[in-house]
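Q: Protein sequence lines correspond, in order, to chains A and B. Following the numbering used here, the numbering of the first sequence begins with 1 at its first residue and continues without gaps. Following the numbering used here, the numbering of the second sequence begins with 1 at its first residue and continues without gaps. Glycine included, every Cβ here is placed at the ideal spot set by N, Cα and C. Before anything else, here's the structure in question.
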Amino acid sequence: MKVLVAVKRVVDPNIKVRIKADGSGVDLANVKMAINPFCEIAVEQAIRMKEAGTVSEIVVVSIGLPQCQETLRTALAMGADRGILVETDVEVQPLAVAKVLKAIIAKENPALVIVGKQAVDDDCNQSGQMLAALLGWPQAAFISKIEVAGDHADITREVDGGLEKLAIKLPAVVTTDLRLNEPRYVTLPNIMKAKKKPIEVIKADTLGIDIAPRLKTLKVEEPPKRGAGVKLADVAELVNKLKNEAKVI
Amino acid sequence: MSTYRAPLRDMRFVIEELVGLQDISALPGCAAVTSDLVSAVFGEASKFASQVLAPLNRVGDEQGAQLIEGEVRTPPGFKQAYEQFVAGGWNGLSGEACYGGQGLPNLVAMPVQEMWNSANLAFCLCPMLTSGVMDALTLTGTPEQRATYLPRLTAGEWTGTMNLTEPQAGSDLSAVRTRAVRESGQYRIHGTKIFITWGEHDLARNIVHLVLARTPDAPQGVKGISLFLVPKFLVAADGALGARNDVHCLSLEHKLGIHASPTCVLAYGEHEGAIGYLVGEESRGLEYMFIMMNQARLAVGLEGVALAERAYQQARAYAQTRVQGRAIGQTSEERVAIIRHPDVKRMLASMKAHTEAMRALAYSAAAALDKSRRHPDDGERKRNQALVDFLIPIVKGWCTECGVEVASTGVQVHGGRGYIEDTGAAQLLRDARITTIYEGTTGIQAADLVGRKLARERGATAHALIGEMRSLLPQLAGCANAAVAVAHAALAQAIEDLSAATRWVVDTQSSDPAAVAAVSVPFLRLWGVAAGGWLMARAALIADVRLNADVEPEFYAAKIATARYYAEHILPQSSLLAKIVVGGAQSVLAFSEQQF
């Protein structure tokens, strides 16, 4: 069974982001970038399934600047088999991601697509769902467990009230939640081997898809600084403040 | 203790822009060592250092290694971390490919080792010693020894130790008494070795001891010492582990720092005699040990850089958050973070400037080491070998002495809190304190510099290096940047000081070696200060070009500011040190023993 995993290059989550002076976005100049943590979980899941014998090939796909090859190399060093970079310098929004992935999936015919539930830069949480809709495939978002059994997959999802168990028919799109697994540390020999694994570069404009942004960013600003806390005498005062000052109840 | 984040930007600046990664990539067998590979390796190594090794530094210090019924138990978490380290293949970073290593050049391995050292010095002494044993066996082991031991050592499945010191034989190894008695194809070893780092532990299944000992008919002194391989568990031809050898840990030392690293007293042959195998030829043990020691000294010099970096990060974080007092000249009542106070700034600048200059020097030596081994041209190999031989005592001596000073300044930045163990600043100072002692004290490094490295070629390499420094001056003079102009003036003076002191040492060495010995440590320090200044000036020139092209202005502007601080606060020490070297010997020698 072939699995396709999409990975996104984002600002390293350990770094404090800064807003560009003109408020047009986050300053990415010379900032350390990394694989999106949820995408890393997706890659890890595919590798575990390959190690367990249910998956035969893992293809990782990234969309964006040539530097996304580094992100693909990370996935290859973890254990993916080959990479595809769909190269573009356009800002790729969730719908465009879904469309591009659909085009790649048409060529690759994977039985399962695993993507992160969201990227830590824009937190959209849309691409996986849109992709499933465009493909007309079943989807399971925010999975915390997956087991493939013949032509379907048994899924566990974390929902507000507890765990939801589903069986979905393959091929399908799943999106990963934090507790699906804990990604491995990449080993040195695998970093060296990843250098020799193939990465195919496809120019986005050769796919014949409209990937132009549909959403316009008006302004990006820092969240307001948190003010000092106050000590309240009793619950009555708290209720009063919540009602009259914060106006939340 | 604060978190550790590898200074990847400065590491990459030094190896790619200052030292020149492309020169190393061009060496035979290094074609794969490209910028993106280095970036991937550093990225994963820094993750491992921050997430696995650094969190254990504190518990290692607090709980330490313990001896329980003859077995050494490492602090909680160390065994798992070592398993992860081995599983990650990190032990084979620079090991030879034929034994399962990755064969990466020193210029790439060194920043990775710096990360391990910064994260947890006590932990990484274990792989460092293993790597020393690997070097020794690669150079001098029999084909069978290499085939049996090197793949396991490279993987980290087994670890290694160096057994030199005995109670009466410290810096003077000619006094070694451990005996090796010949016995059909092997030897029986009897004696006691002390200060054996990671001499016994529970991290790996076997420990390979390299032991200096005397054969019965051997001459007195250094000439009679041979090197033996003594495994903790005997090894069958197929590598399977057999009987427990007669080597046992009698006790662990209670030390000032590096508590997690078990420093063992090892008893060889208290029962039937420990079985040992000769490494190389009889009576050449010390010679082999010195080959290994050169690399080990470079590695210890790097520990100074690593601890300075960690101390700097910790002090910076504290200074950014500790609010105390008002800024000078400020009219409002607002209290400010202490990083705003000029004296705290000065301390942080001193820590930063020393650390970056030390890193530049240590990595330069690593590149020279790579060229000395891999360069296709014989002349280039020899030239670089001479250079690395010359630089090693400077890297070891200067970087560890500065490492202690930077760690001490780190405590100072914390004020009273720094003296309290909870902050972790004190641990760095305690851990750093050993680095100026083991693998040859600073005094031994200085003696090596003046007595061996300078004297044997009458300063040829030293003067060639001074010439190279001098050739930078016109470029500095031609630069419009005001900070670079400051660096130019300071470096020009330092070169004169260095040149004069070096001439004095070379001229005086044969006629009055005691006078040279009396000022050899200030002389070593002079070399460190001046070479660091030269590299910081070069860094400033590169940064100026980048700034003019508006590339990463924050990083390069900080680099220029650091170079300027170095030129104004550190480099001027050269005149003082040169004065001490040229004129200070007699006041030392004039003391009678009774006057102390």
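#1: Assuming A:R214 and A:L95 make a contact with CB atoms under 8 Å, what is their CB distance in whole Å?
#2: Between which two residues does the alpha helix (DSSP H) harbouring B:H341 extend?
#3: Taking a Cβ distance cut-off of 8 Å, strictly less, list which residues of the segment 20-36 of chain A are near chain B, in chain order.
#4: Considering just the uninterrupted stretch of the alpha helix (DSSP H) at B:V305, what are its terminal residues?
#5: On a Cα-Cα basis, can you pick out the residue from A:K32, A:D89, A:I114 that is closest to A:I47?
#6: Determine, using beta carbons only, whether B:L150 and B:T138 come nearer to each other than 8 Å.
#7: Tell me, please, whether the CB atom of B:F42 is closer than 8 Å to any CB atom in chain A?
#8: Among A:D89, A:S62, A:L76, which has the Cα closest to the Cα of A:K102?
#9: Determine whether the Cβ of B:E83 lies closer than 8 Å to any Cβ atom of chain A.
#10: Looking at the C-beta of B:W90, does it have a partner C-beta in chain A at a distance below 8 Å?
#11: Please classify A:N251 as buried or exposed, where buried requires at least 16 neighbouring CB atoms within 10 angstroms.
#12: List the residues of chain B that A:K195 touches, going by C-beta distances under 9 Å, in chain order.
#13: Please check the pair B:F78 and B:F13, which I expect to be a contact at CB under 8 Å, by giving their CB distance rounded to whole angstroms.
#14: Near A:V7, which residues of its chain fall below 6 Å by C-beta distance, leaving aside the five closest residues on each side in sequence?
#15: Using 8 Å as the cut-off, can you tell me whether the segment 280-288 of chain B makes contact with the segment 342-358 of chain B, which would need three or more C-beta pairs spanning the two stretches below that distance?
#16: Using a beta-carbon distance below 8 Å, is B:A87 in contact with chain A?
#17: Taking 8 Å as the threshold (C-beta atoms), are B:A366 and B:L37 in contact?
#18: List the residues of chain A whose Cβ lies closer than 9 Å to the Cβ of B:K47, in chain order.
#19: Report yes or no: is there a C-beta of chain A within less than 8 Å of the C-beta of B:M1?
#20: Using a beta-carbon distance below 8 Å, is A:R9 in contact with chain B?
#21: Starting from B:T197 and walking both ways along the beta strand (DSSP E), at which residues does that stretch end?
#22: Are the CB atoms of B:A531 and B:L361 nearer to each other than 8 Å?
#23: At least one CB of chain B closer than 8 Å to the CB of A:P198: is that the case?
#24: Could you tell me whether any Cβ in chain B is nearer than 8 Å to the Cβ of A:R226?
#25: Residues of the segment 49-81 of chain A in Cβ contact with chain B at a cutoff of 9 Å, in chain order, please.
#26: Compare the C-beta of B:L93 with all C-beta atoms of chain A and state if any pair is closer than 8 Å.
#27: So, using beta-carbon positions, are A:I155 and A:A133 closer together than 8 Å?
#28: Which partner residues of A:E158 appear in the DSSP bridge assignment?
#29: Within 10 angstroms of its Cβ, does A:N14 collect 16 or more other Cβ (buried), or is it exposed?
#30: Classify B:G273 as buried or exposed, calling it buried when 16 or more other Cβ atoms lie within 10 Å of its own Cβ.
#31: Quick check: the Cα distance between A:I143 and A:Q129, rounded to an integer number of angstroms?
#32: Helix, strand or coil for A:P94? Go by DSSP, reduced to three states.
#33: With a floor of 4 residues, list each alpha helix (DSSP H) that falls wholly inside the segment 55-113 of chain B, ordered by position along the chain.
#34: Taking any Cβ of chain A, which residues in the segment 7-24 of chain B have a Cβ under 9 Å from it, in chain order?
#35: Would B:S510 be called buried (16 or more neighbouring beta carbons within 10 Å of its own) or exposed?
#36: Against B:Q102, what residues of chain A qualify as contacts under a CB-to-CB distance less than 8 Å, listed in chain order?
A: To lay it out plainly:
#1: Your numbering for residue 214 of chain A matches position 214 in the first sequence. Your numbering for residue 95 of chain A matches position 95 in the first sequence. Indeed they touch by this definition, with Cβ atoms about 6 Å apart.
#2: One-based indexing of the second sequence puts residue 341 of chain B at position 341. That residue, B:H341, is in no alpha helix (DSSP H); it is neither H nor E in DSSP.
#3: Within the segment 20-36 of chain A, the qualifying residues are A29, N30, K32, A34.
#4: Sequence index remark: in the second sequence, residue 305 of chain B carries index 305 (1-based). Counting along the chain, the alpha helix (DSSP H) containing B:V305 begins and ends at 285-321.
#5: Numbered from its first residue, the first sequence carries residue 47 of chain A at position 47. Answer by Cα proximity: A:I114.
#6: The residue labelled residue 150 of chain B in the question sits at position 150 within the second sequence. The residue labelled residue 138 of chain B in the question sits at position 138 within the second sequence. Contact flag set, yes.
#7: Against the second sequence, residue 42 of chain B aligns to sequence position 42. Not one chain A Cβ lies under 8 Å of B:F42.
#8: As a first step, residue 102 of chain A must be located in the first sequence, where it is residue number 102. Selected option, being the one with the closest Cα: A:S62.
#9: The sequence position of residue 83 of chain B within the second sequence is 83, counting from 1. Not an interface residue.
#10: Indexing the second sequence from 1 puts residue 90 of chain B at position 90. Taking Cβ atoms only, chain A reaches closer than 8 Å to B:W90, which makes this a yes.
#11: Given that chain A is displayed from residue 1 to residue 249, the structure contains no residue 251 of chain A and the question cannot be resolved.
#12: Indexing the first sequence from 1 puts residue 195 of chain A at position 195. Under the 9 Å cutoff, chain B gives A32, T34, D36, L37, A40.
#13: For the purposes of this step, residue 78 of chain B is identified with residue 78 of the second sequence, where counting begins at 1. For the purposes of this step, residue 13 of chain B is identified with residue 13 of the second sequence, where counting begins at 1. Their Cβ separation, rounded to whole angstroms, is 33 Å, which puts B:F78 and B:F13 out of contact at 8 Å.
#14: Reading the first sequence from its first residue, position 7 is the one you call residue 7 of chain A. These residues qualify, in order along the chain: I35, C39, V60, S62, T71, A75.
#15: no
#16: One-based indexing of the second sequence puts residue 87 of chain B at position 87. At least one chain A Cβ lies under 8 Å of B:A87.
#17: The residue you call residue 37 of chain B lines up with position 37 of the second sequence. The residue you call residue 366 of chain B lines up with position 366 of the second sequence. Result no, Cβ atoms of B:L37 and B:A366 do not sit closer than 8 Å.
#18: Locating residue 47 of chain B in the second sequence gives position 47, counting from the first residue. Simply Y185, V186.
#19: Start at 1 with the first residue of the second sequence, and residue 1 of chain B comes out as number 1. The predicted model places B:M1 with a pLDDT of 49, which falls under 50 and marks its position as unreliable, so this point remains unresolved.
#20: Position 9 of the first sequence, counting from 1, holds the residue named residue 9 of chain A. It does not; no Cβ of chain B falls within 8 Å.
#21: Mapped onto the second sequence, residue 197 of chain B falls at position 197. Taken as a continuous stretch (DSSP letters only), the beta strand (DSSP E) holding B:T197 covers 186-197.
#22: Counting from 1 along the second sequence, the entry for residue 531 of chain B is found at position 531. Counting from 1 along the second sequence, the entry for residue 361 of chain B is found at position 361. With a cutoff of 8 Å on beta-carbon distance, B:A531 and B:L361 are scored as near each other.
#23: Numbered from its first residue, the first sequence carries residue 198 of chain A at position 198. No, its Cβ sits nowhere closer than 8 Å to a Cβ of chain B.
#24: Looking up residue 226 of chain A in the first sequence gives position 226. Not closer than 8 Å to any Cβ of chain B, the Cβ of A:R226 fails to qualify, so no.
#25: Q69, E70, R73, T74, A77
#26: Locating residue 93 of chain B in the second sequence gives position 93, counting from the first residue. It does; some Cβ of chain A falls within 8 Å.
#27: Locating residue 155 of chain A in the first sequence gives position 155, counting from the first residue. Locating residue 133 of chain A in the first sequence gives position 133, counting from the first residue. In this structure, A:I155 lies away from A:A133, with their beta-carbon atoms at least 8 Å apart.
#28: As a working note, residue 158 of chain A is residue 158 in the first sequence. According to DSSP, A:E158 shares a beta bridge with A:L163.
#29: Translated into the one-based positions of the first sequence, residue 14 of chain A becomes position 14. Per the 10 Å Cβ criterion, exposed.
#30: Stepping through the second sequence from its first residue, residue 273 of chain B is reached at position 273. By the 10 Å Cβ count, B:G273 comes out buried.
#31: For this step, residue 143 of chain A is matched to residue 143 along the first sequence. For this step, residue 129 of chain A is matched to residue 129 along the first sequence. Cα to Cα, A:I143 sits roughly 13 Å from A:Q129.
#32: The residue you call residue 94 of chain A lines up with position 94 of the first sequence. In this structure, A:P94 counts as helix in the three-state DSSP scheme.
#33: 56-63, 78-87
#34: L8, R9
#35: Position 510 of the second sequence, counted from the first residue, corresponds to residue 510 of chain B. Its Cβ having fewer than 16 others within 10 Å, B:S510 is exposed.
#36: As a working mapping, residue 102 of chain B is identified with position 102 in the second sequence. Simply L188, P189, M192.
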